[in-house]
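Q: Pasting in a structure now, in C-alpha cells, and then I'll have a few things to ask.
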C-alpha cells in the first residue's frame, strides 16, 4: 500500500485570493516613488489575474482524475533569453512505425555540433570557468539535435522492469547507463551559435536580475506535501555550497605498528558520509589498505561513523515497508545503501538458485528455493524475506515466472550491515582479522572497553591516513538522486551540507608540527538532522525571498514536509543562472525518454514536451508532483512546478496525466 498524507487546504476561493494578499501589505514608500510602484504593481498583477483560469487541457485532466482546482498548485514562469538557452539540447523521439517524430521537427534546432564531446575535457573546462570570474560561468556547446527511436526507449524500459522489481535501485547500485548513455548528459544548447562570445552570467548579488511575470499562476503560495520533488532543494543547495566537483574522502588510519604485512593494532575507517559507497567501491577501499602493506590485522577494524549523529530511523515507520531500499537509514559510513541484491536463476521445474550481492559474513543466506506457479512481483511477495538474528528466512516459494530476476532488499541495521560486508570483503581479498569489525558513532580512543591494549598495539594513531579514498563527485551523486529518486543518497547529501567548510590550514599545520594525527584535526564536523535542516533553512533565507519550506528530512519521504509551488519556482529560477546549472539540470529525468518521467510519452503520446522537459517527479498516496524545466517550441525556456494534494483518497498515478498536460501546455508556448 502506498503511503498516505493528510493535508489541510483553504477553500478554493481563499486559495485563489492568497497570492494577491502579499501585494497588499501596508507600506509607506516615498511619495515620488508611488506612481512608479503603482505601475509595477499593475504590470505584475494583471498577468496573474488574466491567467486565473486554468487552461482547458488541464481542467479536463483534473476532471478525468476526479480532482478539483483546489487540489492543485501550478506556476509556469519564463526564464532566461530564448536566444541563449541554458537547457540541454532537446531530444527528438521518432516513431519508426509511422516515420513521424513525436513533435514538429521544423522547430528543432539545427544540428551544428558533434555530440561526441570529450566529457572529461568539458568537466575540466567547467571547473576552470567556475574559478574565473572573467569567463563565462556555464559550459555550453553549440546546439545539437539528439534523435532516438520510441521503440528503443520502450525496449530499454521493458527489459529493466522484466529483470527487477526495483529498476531505480538496480540502475543506481549497478551503475547501469540510461538509454542516452553518459555523453548526452553534457550537451547544453546554445541557439546563438553564430556568436563566438557567450554572455557572462554574473552571480554577484548586486547584479541586475530580470524577472518575468508567470505565464500561469494558480495557488502557488499554498504549502503542500511535495513528495520527491523536495529532492530539488538539498541537491541544489549542496551544489551551491559544496560545488559540483566536491568529493567525500573516507580515510583509513591505524594504531600500533606494521611489521611486514601484519598490523599489530587496530585499523580505523573514518566515515565521511559518502552517499554511494557501493560494495565494489568498498572492495577498492580495502584493496588500497592491502596495497599499503597490511594483509593481516592483529586487532579490530573500527568504523567511526560519527560524522552523522543519531540519524538511524525505523525503516517500517513511514509506510510499514522496512524491506524496501527507499526506507533505508542514512549513516556516516553507509555501505551499498544497506541493501542486498538477491538474484534468482532457474535450476529445474521445482527449484531455483539464489545468489547474494554483497555477501554478509557470519550470516546464513539460503542458496536454494522451491518454486510455485505464480506471477513474479516485489520481493516481499515473491520471497517474503525475514531478517533473523543469524539467518535470512524466505517464507514463501519463488514464483516460477521470475526466471533470472533481481530483487533488492534493505537490511534493517546500517551499522551491522557495514560490519558484515567489510568482514566478508576483507576475507575475499585473502586477508585475515583476529578481532572483530566494530561500528560506532564516536571517535576512536586507544582505551577500549572491550579489551585492554598493550605492547605494540598501544602505540597511538598514525599521524597521516594510510588511505584517503575519494567518492564519486557531487555531480555524479545528484544524478542518481534526481534521476532515480534515491532517498537515502539524498539524506546523505542533505546531512553533508554545512559539514564541509573550508579547511582550517592553520589548525592542520599546527597538528602536523606537533606530530598529532590528522584523524583528530582533519575529520569533518559532526552533524545531525536538526543541524542540517537549520543550515538549509539559513541558506534559503540568505539567497531567496520566499518563506523557507518546512523540511523534516531532505528526501521528501515525509508527510509533514511542506513546500509551495512558489518556493520551488524561485529555487529553480535561481539555479538556472548558477555556475553549476549544468550538473543540476542534467540530473533530472527527460520527459518520455529517461528517469522517473519516462512514462510521460505513454500517458500522453502526442505531448509536445517529449524530449523537451527536464523534470523531477514525486509520488505518495494522495500526492503527485512535478517540477523542473521545459523548452517551449518558441525557443523560450520555462520553469514549471505542479503540486497535487487531495484530502480525498485517490491513486496518485491517475493524477499524473494532469501534470503531463501542464508540461504539454507549456511546451507548446
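Numbering (my numbering), first residue to last: 30 to 698.
Idealized CB from N, CA, C, for every residue including glycine.
Cβ atoms of residue 273 and residue 515: under 9 angstroms apart, would you say?
A: On the chain shown, residue 515 is found 486 positions in, with the first residue counted as 1. On the chain shown, residue 273 is found 244 positions in, with the first residue counted as 1. No, Cβ-Cβ distance for residue 515 and residue 273 is not below 9 angstroms.
Q: Let me confirm a value: residue 398 is counted as buried when at least 16 other C-beta atoms fall within 10 Å, else exposed. Which label applies?
A: To locate residue 398, count along the chain shown from 1; it is residue 369. Residue 398 comes out buried.
Q: When DSSP labels each residue in this structure, what does residue 527 get in the three-state scheme?
A: Here the question's residue 527 lines up with position 498 in the chain shown. Here residue 527 sits in coil by DSSP.
Q: Would a C-beta distance cut-off of 9 angstroms place residue 258 and residue 691 closer than the cut-off?
A: The residue labelled residue 258 in the question sits at position 229 within the chain shown. The residue labelled residue 691 in the question sits at position 662 within the chain shown. It is not a contact, given that the beta carbons lie outside the stated cut-off.
Q: Under the three-state reduction of DSSP, which class applies to residue 445: helix, strand or coil?
A: Locating residue 445 in the chain shown gives position 416, where the first residue counts as 1. Residue 445 falls in the helix class under three-state DSSP.
Q: My output table needs one value for residue 495: the three-state DSSP class, helix, strand or coil.
A: Position 466 of the chain shown, counted from the start, is the residue given in the question as residue 495. Residue state, collapsed to three classes: coil.
Q: What ranges does the alpha helix (DSSP H) occupy inside the segment 377 to 442, keeping only unbroken runs of at least 4 residues that lie completely in it?
A: Counting whole runs of 4 or more residues, the segment 377 to 442 contains the alpha helix (DSSP H) stretches 408 to 411.
Q: Between the beta-carbon of residue 305 and the beta-carbon of residue 518, is there less than 9 angstroms?
A: Taking the first residue of the chain shown as 1, we reach residue 305 at position 276. Taking the first residue of the chain shown as 1, we reach residue 518 at position 489. Cβ atoms of residue 305 and residue 518: closer than 9 angstroms.
Q: For the beta strand (DSSP E) containing residue 263, list its first residue and its last residue.
A: Start at 1 with the first residue of the chain shown, and residue 263 comes out as number 234. Premise fails: residue 263 lies in the alpha helix (DSSP H), 261 to 271, not in any beta strand (DSSP E).
Q: With DSSP collapsed to three states, give me the class of residue 691.
A: Locating residue 691 in the chain shown gives position 662, counting from the first residue. Three-state result, residue 691: helix.
Q: Among 469, 203, 393, which one has its Cα closest to the Cα of residue 341?
A: Reading the chain shown from its first residue, position 312 is the one you call residue 341. Comparing Cα-Cα distances from residue 341 to each of 469, 203, 393, the minimum goes to 469.
Q: Cutting at 6 angstroms between CB atoms, please list the residues of its own chain near residue 433, excluding the five before and the five after it.
A: Translated into positions along the chain shown, residue 433 becomes position 404. Closer than 6 angstroms at Cβ, skipping near neighbours: 374.
Q: Please list, in chain order, all residues of the same chain as residue 404 whose beta carbon is under 8 angstroms from its beta carbon, the five residues on each side excluded.
A: Along the chain shown, one-based indexing puts residue 404 at 375. Counting only Cβ-Cβ distances below 8 angstroms, and skipping sequence neighbours, we find 428, 430.
Q: Please list, in chain order, all residues of the same chain as residue 321 whose beta carbon is under 7 angstroms from its beta carbon, the five residues on each side excluded.
A: As a working note, residue 321 is residue 292 in the chain shown. Result list for residue 321: 495, 496, in chain order.
Q: Determine the direct distance from the alpha carbon of residue 299 to that of residue 30, and round the result to whole angstroms.
A: Counted from its first residue, the chain shown places residue 30 at position 1. Counted from its first residue, the chain shown places residue 299 at position 270. Note that residue 30 scores 39 on pLDDT, short of 50, meaning its location in the model is unreliable; the coordinates nonetheless yield the value given after this. Looking at the two C-alpha atoms, the distance is approximately 39 angstroms.
Q: Are the segment 329 to 337 and the segment 399 to 418 touching, with three or more C-beta to C-beta distances below 8 angstroms?
A: No: fewer than three Cβ pairs fall under 8 angstroms.
Q: Can you list, in chain order, the residues of its chain whose CB lies under 6 angstroms from that of residue 101, leaving out five sequence neighbours each side?
A: Reading the chain shown from its first residue, position 72 is the one you call residue 101. Correct list, in chain order: 673.
Q: How big is the Cα-Cα spacing for residue 206 and residue 200?
A: Stepping through the chain shown from its first residue, residue 206 is reached at position 177. Stepping through the chain shown from its first residue, residue 200 is reached at position 171. Whole-angstrom Cα-Cα distance: 7 angstroms.
Q: Which term fits residue 160, buried or exposed, when burial requires 16 or more other beta carbons within 10 angstroms of its beta carbon?
A: By 1-based counting over the chain shown, the position of residue 160 is 131. With a pLDDT of 44 at residue 160, under the threshold of 50, the modelled position of this residue cannot be trusted; read the value that follows with caution. By the neighbour-count rule (16 or more Cβ atoms within 10 Å), residue 160 is not buried but exposed.
Q: Here's a check: name, in chain order, each residue in its chain whose Cβ is nearer than 6 angstroms to the Cβ of residue 669, leaving out the five neighbours to either side.
A: Indexing the chain shown from 1 puts residue 669 at position 640. Hits under 6 angstroms: 105, 659, 695.
Q: Is it true that the CB of residue 253 sits closer than 9 angstroms to the CB of residue 591?
A: As a position in the chain shown, residue 591 is number 562, starting the count at 1. As a position in the chain shown, residue 253 is number 224, starting the count at 1. For residue 591 and residue 253, yes; Cβs fall inside 9 angstroms.
Q: Determine the DSSP secondary structure at residue 340, reduced to helix, strand or coil.
A: Sequence index remark: in the chain shown, residue 340 carries index 311 (1-based). Three-state result, residue 340: coil.
Q: Please name the residue or residues paired with residue 84 in a DSSP beta bridge.
A: The residue labelled residue 84 in the question sits at position 55 within the chain shown. Beta-bridge pairing links residue 84 to no other residue.
Q: What residues are listed by DSSP as bridge partners for residue 466?
A: On the chain shown, residue 466 is found 437 positions in, with the first residue counted as 1. DSSP, once it has assigned bridges, lists 330 as partnering residue 466.
Q: Mind the definition here: the segment 597 to 615 touches the segment 278 to 286 only if three or more C-beta pairs lie below 8 angstroms; say whether that holds.
A: No, they do not touch.
Q: Hey, would you say residue 681 sits closer than 9 angstroms to residue 250, going by beta carbons?
A: If you number the chain shown from 1, residue 681 lands on position 652. If you number the chain shown from 1, residue 250 lands on position 221. The answer is no: Cβ separation not under 9 angstroms.
Q: In three-state DSSP terms, what is residue 674?
A: Stepping through the chain shown from its first residue, residue 674 is reached at position 645. Reduced to three states, the DSSP call for residue 674 is strand.
Q: What is the C-beta distance between residue 260 and residue 510, in whole angstroms, given that I count them as a contact (C-beta under 8 angstroms)?
A: Position 231 of the chain shown, counted from the first residue, corresponds to residue 260. Position 481 of the chain shown, counted from the first residue, corresponds to residue 510. Indeed, because the Cβ distance is near 6 angstroms, the residues count as touching under 8 angstroms.
Q: Cβ atoms of residue 111 and residue 663: under 9 angstroms apart, would you say?
A: Within the chain shown, residue 663 is the residue found at index 634, counting from 1. Within the chain shown, residue 111 is the residue found at index 82, counting from 1. Yes, the pair counts as a contact, with Cβ atoms nearer than the cut-off.
Q: Taking the alpha carbon of residue 191 as the reference point, which residue from 436, 347, 351 has its own alpha carbon closest?
A: On the chain shown, residue 191 is found 162 positions in, with the first residue counted as 1. It is 436 whose Cα lies nearest to the Cα of residue 191.
Q: In the DSSP assignment, find the beta strand (DSSP E) that holds residue 283 and state where it starts and stops.
A: Taking the first residue of the chain shown as position 1, residue 283 is located at position 254. Here the beta strand (DSSP E) through residue 283 covers 278 to 283.
Q: Measuring only the C-alpha atoms, how far is residue 472 from residue 327?
A: In the chain shown, the residue the question calls residue 472 occupies position 443. In the chain shown, the residue the question calls residue 327 occupies position 298. Between residue 472 and residue 327, the C-alpha separation is close to 20 angstroms.
Q: Would the beta-carbon of residue 437 be found less than 8 angstroms away from any heavy atom of the ligand ATP?
A: Absence of the ligand ATP is noted for the structure shown, with no ligands found whatsoever.
Q: Apart from the five residues just before and just after residue 523, which ones in its own chain have a Cβ nearer than 6 angstroms to its Cβ?
A: In the chain shown, counting from the first residue as 1, residue 523 sits at position 494. Only 263, 561, 583 meet the Cβ criterion.
Q: Look at residue 360 and residue 467 and say whether their C-beta atoms are less than 9 angstroms apart.
A: Residue mapping note: residue 360 aligns to position 331 of the chain shown, counting from 1. Residue mapping note: residue 467 aligns to position 438 of the chain shown, counting from 1. No, Cβ-Cβ distance for residue 360 and residue 467 is not below 9 angstroms.
Q: Less than 9 angstroms between the beta carbons of residue 646 and residue 626, yes or no?
A: Reading the chain shown from its first residue, position 617 is the one you call residue 646. Reading the chain shown from its first residue, position 597 is the one you call residue 626. Yes. Within cutoff.
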